[in-house]
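Residue numbers (the numbering used here), protein chains in the order written: chain F, 1 to 225; chain B, 226 to 450. C-beta atoms are modelled at their ideal positions from N, C-alpha and C, and glycine is treated no differently.
Protein chains: 2
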Amino acid sequence: MRILIVEDDHRLAASLRRSLMEARMAVDVVHDGEEAVAAGLTTPYDAIVLDVMLPVLDGFQVTRRLRDQRIESPILMLTARDSVDDRVAGLEAGADDYLVKPFALREVVARLRALTRRHVPNRKSDLRAGKVVLDTAAHSMTVDGKPVELTSKEFAILEYFLLNQGRLLTRGQILEHVWDYEFDGGRNLIEVYIGRLRSKLIQAGAGDPFVTVRGSGYRYSAVRG
Amino acid sequence: MRILIVEDDHRLAASLRRSLMEARMAVDVVHDGEEAVAAGLTTPYDAIVLDVMLPVLDGFQVTRRLRDQRIESPILMLTARDSVDDRVAGLEAGADDYLVKPFALREVVARLRALTRRHVPNRKSDLRAGKVVLDTAAHSMTVDGKPVELTSKEFAILEYFLLNQGRLLTRGQILEHVWDYEFDGGRNLIEVYIGRLRSKLIQAGAGDPFVTVRGSGYRYSAVRG
DNA sequence: CCTCCACGATCAGGATTCGCATGGCCGCAG
DNA sequence: CTGCGGCCATGCGAATCCTGATCGTGGAGG
């Protein structure tokens, strides 16, 4: 699964790259429209994440040139404005989907998954860690087969940890993945949600899988049966 | 059940693909007429969804070329105009059915089912979930064997949920599946219909199978016993 | 070994968003 | 003209989210 990111904001590009790599995608990054066309023409990407506002050539032009050359890689456009014009222009140029800035990184991952999902109708969407099972299609969790209620934020955070089991996740990573990348998180938002997840998981008999790493963040490690 | 989608609007193509995949069909997508002919000649599709307005070769030409080569896959044409000429031209070229844009995605699924039924004559048309039985051929519902009246929109929505039991469905998905893909849904249309379905199902003794996922959508899970 | 402090955990309250019920309007068909 | 299905507007109630304050605790340094 090879993805091209076209984004001139280097900081956002780096965030995107890290997020997609966490989702086990191979990522290339370019920073202007000309490079984007060159890369798209020479490499068969499974999808292209394309900012609209770009130096040299904008996203519409890039899309059109690629489509003119019969490059049919799915294109996910990132648009700053929520103007209908932009949306229409992008889709007419040949984009497959679009996201309005600022977005949560998990949204990008989800859309890319949708765009690149080839005919595998019964793809399993379960994430597992010991007794804990997240059904990402149903947006539900079970522990030992028993359903446990989660709010959508709780679900999003737990999903992120399950996708990165054993890896340290900082508050910053969680914030920009679950909230949007501009969100100015309150002082202890993450702590509150980790606390809620802990109490729900413990109450459901799954123990406490979150390891606090003082000064850095948290790590999820499955509790053995 | 393998389907070829020929549609140059990438976003519509993506929506179509998702809908057909939800209906358990294997889907290939191409974006112009030339690719369509190539794909049609080399792969034995159970049906082809074919836009009329296409780059390189239009839908009529594609149809004619495929028919000339004795490709007999059923063809469902998508036409932007409601002109009789188009319809006649399409049918004369060898298409089997046609749909006028913009259409509801469920229409496409329904037509494809009809077109491919010949090959699978005894397909069951019942959808079940506990006491609830939808007869998709008769457009009627029974709960515990007792008939319950549904309007056509109510029926369409419930059918969609039964086809996707246990899966989270967003308002957007429901809108583009039941209404047409351009429909700009009012503020709380979906809520109103879910509300009606709930009250009818509860009144009929089927309990409330809809689970509200706040901030996301709804999930249908059959009520046991 | 003890103290202190910075960081994390917890709790409660308030703000906000979201969903639901109700009622009414509109357009079409009979 | 009338009835029905489909759609929209409003207001209420509640789930959820976020904040600020307070409490707990691990660990470094003395």
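Against F:A114, the close residues of chain B are A239, R243, in the order they occur along the chain (beta-carbon pairs closer than 9 Å).
Membership of F:M77 in the beta strand (DSSP E) is indicated by the continuous run 75-79. Residue pairing by DSSP places B:T437 opposite B:Y443 in a beta bridge. Counting C-beta pairs closer than 8 Å gives fewer than three between the stretch 30-48 of chain F and the stretch 195-207 of chain F, which falls short of the contact rule.
By the rule that beta-carbons nearer than 8 Å mark a contact, B:G440 touches chain F. The beta carbon of B:E384 is closer than 7 Å to those of L352, L359, T361 in its chain, skipping five residues each way along the sequence.
Assigned with DSSP and collapsed to three states, F:L168 falls in strand. It is roughly 21 Å from the alpha-carbon of F:P74 to the alpha-carbon of B:R227. Across the structure, B:K425 and F:P147 are spaced so that their CA atoms are roughly 26 Å apart. The three-state secondary structure of B:M366, taken from DSSP, is strand. Fully contained in the stretch 236-272 of chain B are the following beta strand (DSSP E) runs of length 3 or more, in chain order: 251-255.
Chain-order list of chain B residues neighbouring F:A95: H235, R236, by C-beta distance under 9 Å. For the C-beta of F:L91, the chain B residues within less than 9 Å are, from N- to C-terminus, D234, H235, R236, L237. Cβ contact annotation for B:A238 (same chain, cutoff 8 Å, sequence separation greater than five): I230, E232, V254, H256, in chain order. Burial check for F:F155: the Cβ neighbour count within 10 Å reaches 16 or more, so the residue is buried.
For the pair B:L324 and B:E332, the CB atoms are nearer than the 8 Å cut-off. Residue environment: F:F161 is assigned as buried (16 or more neighbouring CB atoms within 10 Å of its CB, all protein chains considered). For the 8 Å CB-CB criterion, B:V403 and B:A329 form a contact. Annotation: the continuous beta strand (DSSP E) that includes F:Y98 extends over 97-100. Counting only residues of its own chain and dropping the five nearest sequence neighbours on each side, F:L54 has a CB closer than 6 Å to the CB of D8, D32, G33. For B:G391, the chain F residues whose Cβ falls inside 9 Å of its Cβ are D135, A137, A138, S140, in order along the chain. The alpha-carbon of B:D321 is positioned some 19 Å away from that of B:M250. Taking a beta-carbon distance threshold of 8 Å, B:R396 does not count as an interface residue toward chain F. Boundaries of the alpha helix (DSSP H) harbouring B:A381: 377-388, taken from the DSSP string. If you draw a 10 Å sphere on the C-beta of F:M21, you find fewer than 16 other C-beta atoms in it, and that means exposed. By the criterion of a C-beta distance shorter than 6 Å, B:V262 is surrounded in its chain by V287, R290, once the five residues flanking it on both sides are discounted. Residue-level contact check: B:H402 does not touch chain F, since none of the beta carbons of chain F fall below 8 Å from its beta carbon.
Taking all protein chains shown into account, F:E191 has fewer than 16 neighbouring C-beta atoms within 10 Å of its C-beta and is therefore exposed. Judged by DSSP secondary structure, F:A129 falls within the beta strand (DSSP E) whose first and last residues are 126-129.
For B:R444, the chain F residues whose Cβ falls inside 8 Å of its Cβ are A138, H139, S140, in order along the chain.
Of F:P102, F:R67, F:R70, the smallest CA-CA separation from F:S15 is found for F:P102. If you look at B:D293, you'll find it in the alpha helix (DSSP H) that goes 284-293. In this structure, B:V277 and B:T304 form a Cβ contact; the two beta carbons are roughly 5 Å apart against a cut-off of 8 Å.
In terms of beta-carbon proximity, F:S152 lines the interface with chain B, with at least one pair separated by less than 8 Å. Under the three-state reduction of DSSP, F:V56 is assigned to coil, being neither helix nor strand. At a C-beta separation below 7 Å, F:E72 has these neighbours in chain B: H256.
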